[in-house]
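Number of protein chains: 2
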Amino acid sequence: MAPRCDGLSDAAMKDLMAQAEKLPISTVVFVVALQAEALPLVDKLELIQDDKPPFPIGMPWIRFYGTYRDLFINVVCPGKDSTLGVDNVGTIPASLVTCASIQGIRPDLIINAGTAGGFKAKGASVGDVFIASSVAFHDRRIPVPVFDLYGVGTRKAFTTPNLVKELSLKVGNLSTGDSMDMSPQDEELIIANDATVKDMEGAAVAHVADLFKVPTIFIKAVTDIVDGEKPTSEEYLQNLPAVTAKLTQSVSQVLDFISGKCLSDL
Amino acid sequence: MAPRCDGLSDAAMKDLMAQAEKLPISTVVFVVALQAEALPLVDKLELIQDDKPPFPIGMPWIRFYGTYRDLFINVVCPGKDSTLGVDNVGTIPASLVTCASIQGIRPDLIINAGTAGGFKAKGASVGDVFIASSVAFHDRRIPVPVFDLYGVGTRKAFTTPNLVKELSLKVGNLSTGDSMDMSPQDEELIIANDATVKDMEGAAVAHVADLFKVPTIFIKAVTDIVDGEKPTSEEYLQNLPAVTAKLTQSVSQVLDFISGKCLSDL
Numbered sequence: 073m074a075p076r077c078d079g080l081s082d083a084a085m086k087d088l089m090a091q092a093e094k095l096p097i098s099t100v101v102f103v104v105a106l107q108a109e110a111l112p113l114v115d116k117l118e119l120i121q122d123d124k125p126p127f128p129i130g131m132p133w134i135r136f137y138g139t140y141r142d143l144f145i146n147v148v149c150p151g152k153d154s155t156l157g158v159d160n161v162g163t164i165p166a167s168l169v170t171c172a173s174i175q176g177i178r179p180d181l182i183i184n185a186g187t188a189g190g191f192k193a194k195g196a197s198v199g200d201v202f203i204a205s206s207v208a209f210h211d212r213r214i215p216v217p218v219f220d221l222y223g224v225g226t227r228k229a230f231t232t233p234n235l236v237k238e239l240s241l242k243v244g245n246l247s248t249g250d251s252m253d254m255s256p257q258d259e260e261l262i263i264a265n266d267a268t269v270k271d272m273e274g275a276a277v278a279h280v281a282d283l284f285k286v287p288t289i290f291i292k293a294v295t296d297i298v299d300g301e302k303p304t305s306e307e308y309l310q311n312l313p314a315v316t317a318k319l320t321q322s323v324s325q326v327l328d329f330i331s332g333k334c335l336s337d338l
Numbered sequence: 073m074a075p076r077c078d079g080l081s082d083a084a085m086k087d088l089m090a091q092a093e094k095l096p097i098s099t100v101v102f103v104v105a106l107q108a109e110a111l112p113l114v115d116k117l118e119l120i121q122d123d124k125p126p127f128p129i130g131m132p133w134i135r136f137y138g139t140y141r142d143l144f145i146n147v148v149c150p151g152k153d154s155t156l157g158v159d160n161v162g163t164i165p166a167s168l169v170t171c172a173s174i175q176g177i178r179p180d181l182i183i184n185a186g187t188a189g190g191f192k193a194k195g196a197s198v199g200d201v202f203i204a205s206s207v208a209f210h211d212r213r214i215p216v217p218v219f220d221l222y223g224v225g226t227r228k229a230f231t232t233p234n235l236v237k238e239l240s241l242k243v244g245n246l247s248t249g250d251s252m253d254m255s256p257q258d259e260e261l262i263i264a265n266d267a268t269v270k271d272m273e274g275a276a277v278a279h280v281a282d283l284f285k286v287p288t289i290f291i292k293a294v295t296d297i298v299d300g301e302k303p304t305s306e307e308y309l310q311n312l313p314a315v316t317a318k319l320t321q322s323v324s325q326v327l328d329f330i331s332g333k334c335l336s337d338l
């Protein structure tokens with residue numbers, strides 16, 4: 073679903089969206105924070121890097137593209153920090169690259185794919201791949217009426233009951249924050265969000281996709297157990313290669329399932 | 073300084089920027105999170121609301137514009153959450169509207185103006201108006217080498233020694249986070265950032281302005297004392313009208329000073 077065309081009424085827009093739900097999905101944008109997460113997918117799908125991506129000139133954001141079966145696939149990454157050389161992780165770069173990608177690529181579907189921390193108390197294990205049923209923030213505490221709800225920013229993901237059933241994927245709520253660790257205040261809100269997985273981008277991607285009314289799904293592979301014994305960053309780095317391979321495998325299964333289907337079939 | 077034109081080398085870009093620093097400032101974009109903060113300024117400068125702002129259709133972002141002396145003034149706000157009706161405060165909407173404004177308005181100078189919490193231990197009092205010397209985040213904790221520095225994301229503001237001297241403004245470091253309250257973890261990083269004022273947008277505006285190389289200054293008026301006796305949200309709401317009036321007065325003095333000058337005169 074492309075951003076709203078100028079001059080369309082809300083009713084006409086709804087109509088268009090209902091029609092689009094019955095057309096086969098054509099253009100998919102993957103928003104992936106880390107290039108280490110994106111590259112195995114890029115290799116597997118034989119995508120090529122766009123040397124003139126549809127982004128403002130000079131931005132660090134990266135786009136890989138190509139076709140897979142009948143799908144036009146795009147993998148976008150927020151790229152590297154120009155001074156420090158590390159990936160632009162977190163909510164701000166994810167929201168900016170999602171916004172630019174919606175405007176420049178006009179996807180039918182966004183898939184935010186990446187690694188996440190999991191909570192064993194909610195049934196997560198390292199290597200599990202989850203589809204998020206809802207996303208919310210856990211580090212935007214604004215104790216003023218209504219602003220408190222805005223801060224948490226809970227949004228339902230696009231529902232994909234057939235996809236989940238067919239691929240036997242686990243389903244859980246995703247909670248997003250800009251820190252890799254978890255403070256007691258974060259933990260309190262993660263519990264309030266009833267989250268099984270925790271990442272650093274999902275709810276930001278959802279915020280932007282919601283502004284443009286683009287259906288979005290979230291596929292998160294668990295690299296570390298937040299409520300476990302090992303320190304998150306150590307466990308994360310240790311498991312990243314194997315879990316990224318698992319994520320890539322799940323994502324290709326998702327694409328095989330999506331291919332030829334319309335949104336309402338998912 | 074507009075975003076880089078296609079095909080320019082780094083050297084040519086530097087040249088252009090050096091030339092621009094010697095031309096009178098023409099287009100100014102104010103990024104203001106709350107409409108309650110923006111409207112007194114909009115009234116004072118007799119700006120009008122743009123009913124076709126240079127943003128993607130359907131976005132909640134708002135632009136007011138007009139001329140003041142020889143300056144083309146724009147005040148942009150991230151607008152309201154379409155479901156909850158409250159202002160889109162915080163880093164994600166601020167970064168999105170800054171990005172869209174740079175592309176759509178091509179300012180010579182960005183001014184992020186708004187209210188902030190102040191630390192009395194660092195010399196701040198309610199009603200003080202600060203110019204930030206640097207900005208950083210206090211809620212992006214990533215305990216992995218180099219990513220830790222990326223998370224804090226310290227950036228120098230555009231330096232304005234003559235402006236600060238002429239208007240006798242206070243100067244201090246600004247620290248940004250998406251929460252209105254302050255957790256012990258936030259406090260630790262705010263102290264590490266040596267911050268005198270704390271807001272919810274500044275470092276996000278700086279991140280985007282830095283990507284596009286647009287000089288940015290930060291004018292923050294203190295509504296509440298974070299290390300004081302009163303709860304932040306209560307003190308904030310109580311002081312908002314009077315402090316916003318003070319902010320508006322300072323901003324017009326800043327515009328009077330800027331008018332007719334080039335960036336290197338500030």
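If you read the sequences in order, they're chains W and F.
Counting from 1, position 116 in the first sequence corresponds to residue 188 in the numbering used here; the numbering is continuous, with no gaps.
Counting from 1, position 222 in the second sequence corresponds to residue 294 in the numbering used here; the numbering is continuous, with no gaps.
A virtual CB, placed ideally from N, CA and C, is assigned to each residue, including glycine.
Contacts that residue i makes with chain W (C-beta to C-beta distance below 7 Å)
{"i": "F/R212", "result": "G162, D250, S251"}
{"i": "F/S255", "result": "S255, Q257"}
{"i": "F/S305", "result": "P215, V216"}
{"i": "F/D299", "result": "By Cβ distance, chain W contributes nothing, its closest Cβ being about 17 Å from F/D299, past 7 Å."}
{"i": "F/D153", "result": "Y222"}
{"i": "F/C149", "result": "Chain W residues near F/C149: none, gap ~15 Å exceeds 7 Å."}
Rounded C-alpha distance that separates residue i from residue j
{"i": "W/L312", "j": "W/I174", "result": "28 Å"}
{"i": "F/S197", "j": "F/I183", "result": "22 Å"}
{"i": "W/L181", "j": "W/K228", "result": "15 Å"}
{"i": "F/S305", "j": "W/R213", "result": "11 Å"}
{"i": "W/Q91", "j": "W/L235", "result": "21 Å"}
{"i": "W/V201", "j": "F/A185", "result": "43 Å"}
{"i": "W/I262", "j": "W/H210", "result": "6 Å"}
{"i": "F/D142", "j": "W/A108", "result": "50 Å"}
{"i": "F/A105", "j": "W/V100", "result": "32 Å"}
{"i": "F/N245", "j": "F/E259", "result": "14 Å"}
{"i": "F/K86", "j": "F/L283", "result": "15 Å"}
{"i": "W/V169", "j": "W/P150", "result": "6 Å"}
{"i": "W/D271", "j": "W/G223", "result": "16 Å"}
{"i": "W/S251", "j": "F/P217", "result": "14 Å"}
{"i": "W/G130", "j": "W/A193", "result": "44 Å"}
{"i": "F/N56", "j": "W/P96", "result": "For chain F, the structure presents residues 73 to 338; residue 56 of chain F sits outside this window and is missing."}
{"i": "F/A188", "j": "F/K152", "result": "20 Å"}
{"i": "W/K237", "j": "F/I297", "result": "53 Å"}
{"i": "W/R125", "j": "W/L239", "result": "Reading off the sequence, residue 125 of chain W comes out as Pro, not Arg. Between W/P125 and W/L239, the C-alpha separation is close to 33 Å."}
{"i": "W/T226", "j": "F/F329", "result": "44 Å"}
{"i": "F/Q321", "j": "F/S331", "result": "16 Å"}
{"i": "F/A264", "j": "W/A84", "result": "53 Å"}
{"i": "W/D253", "j": "W/G195", "result": "20 Å"}
{"i": "W/L156", "j": "W/F102", "result": "25 Å"}
Residues near residue i in its chain [Cβ-Cβ closer than 6 Å; skip 5 each side]
{"i": "W/L319", "result": "A293"}
{"i": "W/A276", "result": "T163, A166, S167"}
{"i": "W/D122", "result": "R135, Y137"}
{"i": "W/K242", "result": "D200, F202"}
{"i": "F/V280", "result": "S167, T170, C171"}
{"i": "F/G274", "result": "N184, V207, L246, T248, F290"}
{"i": "W/K43", "result": "The structure shown does not extend to residue 43 of chain W, since chain W spans only 73 to 338, so no value can be given for it."}
{"i": "W/F219", "result": "none"}
Proximal chain F residues relative to residue i, where beta-carbon distance stays under 8 Å
{"i": "W/S167", "result": "I164, S167, L168"}
One or two residues paired with residue i in a DSSP bridge
{"i": "W/S206", "result": "W/K228"}
{"i": "F/S247", "result": "F/A208, F/K270"}
{"i": "W/R135", "result": "W/V148"}
{"i": "W/V103", "result": "W/V148, W/N184"}
{"i": "F/P96", "result": "F/C334"}
9 Å Cβ cut-off: residues of chain F touching residue i
{"i": "W/Y140", "result": "The premise fails here: W/Y140 is roughly 28 Å from chain F at the closest Cβ pair, so nothing lies under 9 Å."}
{"i": "W/Q175", "result": "P128"}
Where residue i meets chain C, residues with beta-carbon distance less than 7 Å
{"i": "F/V158", "result": "The structure shown contains no chain C; its protein chains are W and F."}
Chain-ordered neighbours of residue i on chain F, where CB pairs are closer than 7 Å
{"i": "W/A276", "result": "I164"}
Chain-order list of residues whose beta-carbon lies under 7 Å from that of residue i (same chain, five-residue window excluded)
{"i": "W/L119", "result": "F136, Y137, G138, I145, V147"}
{"i": "W/T232", "result": "I203, I289, L338"}
{"i": "F/S324", "result": "K116"}
{"i": "F/E93", "result": "C334, L335, S336"}
{"i": "W/F127", "result": "W133, A172, G176"}
{"i": "F/D78", "result": "Per-residue confidence for F/D78 stands at a pLDDT of 47, beneath the threshold of 50, marking its modelled position as unreliable; no derived number is given."}
{"i": "W/V114", "result": "F136, V147"}
Contact set for residue i: own chain, Cβ-Cβ below 8 Å, skip 5 residues either direction
{"i": "F/G199", "result": "A293, V294, N311, A314, V315, K318"}
{"i": "W/D299", "result": "F191, K192, A193"}
Amino acids of chain W, ordered along the chain, whose beta-carbon sits closer than 9 Å to that of residue i
{"i": "F/C334", "result": "In chain order: nothing, as chain W lies at least about 23 Å away."}
Of the residues that make up the region 111-134 of chain W, which ones have a beta carbon closer than 7 Å to any beta carbon in chain F? P128, I129, G130, M131
So if I threshold CB-CB distances at 8 Å, which residues from the region 279-294 of chain F count as touching chain W? H279, V280, L283, F284, K285
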